[in-house]
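Just so we're aligned, residue 552 is where the sequence shown starts under the numbering used here, counting upward by one. We put the CB at the ideal spot given by N, CA and C, even for glycine. Taking it in order: structure first as structure tokens, then the write-up.
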Amino acid sequence: MHRRHVFQVALGLATGTALASKPVITQAQSAYPSRTVTLVVPWAPGGSQDTLARVLIEPLSAQLGQAVVVDNRPGASGTAGSGTVARSRPDGHTLLMGSSSTFAMAPHLYQLPYDNDRAFSAAGLIASMPILMLVPSSFPAKSVREFIDLARRPQARLSYASSGVGSSTHLATEMFLQMAQLEVQDVTYRGGGPAVQGMLTGETQMTFQTAATVLGFMKSGDLRALAVASPTRIAFLPDIPTFAESGLTDFEVVENIALLAPEGTPQPILQQVNAAVAKVMALPQVQAKLTELAITPTVRPPAEFTAFATAESAKWRELIRARNIRVQ
Numbered sequence: 552m553h554r555r556h557v558f559q560v561a562l563g564l565a566t567g568t569a570l571a572s573k574p575v576i577t578q579a580q581s582a583y584p585s586r587t588v589t590l591v592v593p594w595a596p597g598g599s600q601d602t603l604a605r606v607l608i609e610p611l612s613a614q615l616g617q618a619v620v621v622d623n624r625p626g627a628s629g630t631a632g633s634g635t636v637a638r639s640r641p642d643g644h645t646l647l648m649g650s651s652s653t654f655a656m657a658p659h660l661y662q663l664p665y666d667n668d669r670a671f672s673a674a675g676l677i678a679s680m681p682i683l684m685l686v687p688s689s690f691p692a693k694s695v696r697e698f699i700d701l702a703r704r705p706q707a708r709l710s711y712a713s714s715g716v717g718s719s720t721h722l723a724t725e726m727f728l729q730m731a732q733l734e735v736q737d738v739t740y741r742g743g744g745p746a747v748q749g750m751l752t753g754e755t756q757m758t759f760q761t762a763a764t765v766l767g768f769m770k771s772g773d774l775r776a777l778a779v780a781s782p783t784r785i786a787f788l789p790d791i792p793t794f795a796e797s798g799l800t801d802f803e804v805v806e807n808i809a810l811l812a813p814e815g816t817p818q819p820i821l822q823q824v825n826a827a828v829a830k831v832m833a834l835p836q837v838q839a840k841l842t843e844l845a846i847t848p849t850v851r852p853p854a855e856f857t858a859f860a861t862a863e864s865a866k867w868r869e870l871i872r873a874r875n876i877r878v879q
């Protein structure tokens, strides 16, 4: 993703979208923030990004000196809410909780209403979330190998719950199916929360979800994790094996979270947001809560985002092509 300087926007570089008509924001116009900051979560309530957002908004409000509120805008694998932010005034008062799903996966699946390479300026990566493979507690498989063996039976007729076409958890499932050489029916929901509910009601038999989305259901005994898609076990869930330990080497999927703003947002504002988030992530009470949710703070400077997003995009483009994944 490019980050253009404000003077370039003033010269009116065309992007083929309504973004070209955005006003230029200068520091002289007002101190930031001057009013409520809206944090757009492009997924339904109850999912991992929504959970993280609600952990952060109160201490972030204190750091910024203005209220920070969450606005859930689900739809089209996170691109509906992303489009809302792309069209917003570039003054830092509308931010997007972006993820690998939106900045690295969706561009290869959707005709986006914005130019993904030019629509956003980054305040930086802020967190990462491990992804788990789960089944209902009543499901007979108690390991990845047992699931594979069961799914290969001629009359298995299994289905899995995805959080939306192109979401990190959907593509994690597709990567697993490719490596395990399985065919399992996809049932798509509008976010992680609804996907988990589909599991609980018996509509599906397997899902990949971030740990933050499902920890409560694991503690209650409703869901059972078979493996974690990170290179090492999670400290908070030490009994759950990795996929490498389960026989699938080189299987690694982590949900990376970034804070993005509309293109043209001044760099000092992006730096201010990044610094505020870093201070929030360092608070003992926030660290304790994130540990409980198996969320890892990974605050990085805005300047590091472009190279990271480019590499992630290339990785997922290849899987999408190999699996012939299309939006229906």
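Report the CB separation of residue i from residue j in whole angstroms; it is logged as a contact under 8 Å.
| i | j | result |
| --- | --- | --- |
| V850 | V828 | 6 Å |
| V591 | R624 | 5 Å |
| H681 | A860 | In the sequence as presented, His is not what sits at residue 681; that position holds Pro. Actually they are not in contact, since the Cβ atoms of P681 and A860 sit about 20 Å apart, beyond 8 Å. |
| Y661 | V878 | 6 Å |
| I540 | E725 | Look at the range of the chain in this structure, 552 to 879, and you will see that residue 540 is not part of it. |
According to DSSP, is residue i part of a helix, a strand, or is it coil?
| i | result |
| --- | --- |
| T755 | coil |
| P625 | coil |
| K866 | helix |
| N667 | coil |
| S599 | helix |
| G798 | coil |
| R784 | coil |
| T793 | strand |
| I876 | coil |
| V765 | helix |
| A839 | helix |
| T861 | helix |
| V686 | strand |
| G643 | coil |
| V804 | coil |
| G744 | helix |
| R775 | strand |
| L733 | coil |
| P819 | helix |
| G649 | strand |
| G715 | coil |
| L709 | coil |
| S633 | helix |
| I677 | strand |
| Q617 | coil |
| P848 | strand |
| A582 | coil |
| T720 | helix |
Using a Cβ-Cβ cutoff of less than 7 Å, which residues in the same chain neighbour residue i once the five nearest sequence positions on both sides are dropped?
| i | result |
| --- | --- |
| S886 | Any answer about residue 886 is impossible in this case: the structure gives the chain only from 552 up to 879. |
| V619 | V588, L590, I608, L611, S612 |
| T653 | P593, G629, T630, S633 |
| Q578 | Here the model assigns Q578 a pLDDT of 44, short of 50, so the residue's position is not dependable and the matter cannot be decided. |
| V606 | V837, K840, L841 |
| A595 | N623, P625, R741, G742, G744, P745 |
Excluding the 5 residues preceding and the 5 following residue i in the sequence, name in chain order all residues of the same chain whose CB lies nearer than 8 Å to its CB.
| i | result |
| --- | --- |
| Q838 | M832, P848 |
| P584 | L615, G616, Q617, G643, H644 |
| Q511 | No answer is possible for residue 511: it lies beyond the span of the chain, which begins at 552 and ends at 879. |
Given a cut-off of 8 Å on the beta-carbon distance, is the pair residue i and residue j in contact?
| i | j | result |
| --- | --- | --- |
| A678 | L788 | no |
| G675 | P852 | yes |
| M656 | W867 | yes |
| Q760 | G743 | yes |
| V765 | T739 | no |
| G815 | P641 | yes |
| L701 | L870 | no |
| S864 | P705 | no |
| L799 | A731 | yes |
| K600 | S650 | It is Gln, not Lys, that sits at residue 600 in the sequence shown. Going by C-beta atoms, Q600 is nearer than 8 Å to S650. |
| I785 | A763 | no |
| Q729 | A873 | yes |
| T519 | V779 | The displayed coordinates of the chain run from 552 to 879. Any statement about residue 519 would go beyond what the structure contains. |
| G598 | S714 | yes |
| V824 | L647 | no |
| A670 | A637 | yes |
For residue i, which residues in the same chain have their Cβ closer than 6 Å to its Cβ, ignoring the five residues on either side in sequence?
| i | result |
| --- | --- |
| P782 | E803 |
| Q736 | S710 |
| K830 | Q614 |
| A862 | none |
| D801 | none |
Give a yes or no on whether 8 Å exceeds the smallest Cβ distance from residue i to chain C.
| i | result |
| --- | --- |
| A613 | No chain C appears in the structure shown, which is made up of a single protein chain. |
For the ligand NAP, is there any heavy atom lying closer than 7 Å to the beta carbon of residue i?
| i | result |
| --- | --- |
| Q822 | The ligand NAP is not part of this structure, which contains no ligands at all. |
- Task: Specify whether the region 610-622 and the region 763-782 touch according to this definition: at least 3 beta carbon pairs, one from each stretch, less than 8 Å apart.
- Result: Contact between the region 610-622 and the region 763-782 is absent, with fewer than three C-beta pairs closer than 8 Å.
- contact_flag[the region 629-649, the region 806-818] where n(CB pairs < 8 Å) is 3 or more: Contact between the region 629-649 and the region 806-818 is present, because at least three Cβ pairs lie under 8 Å.
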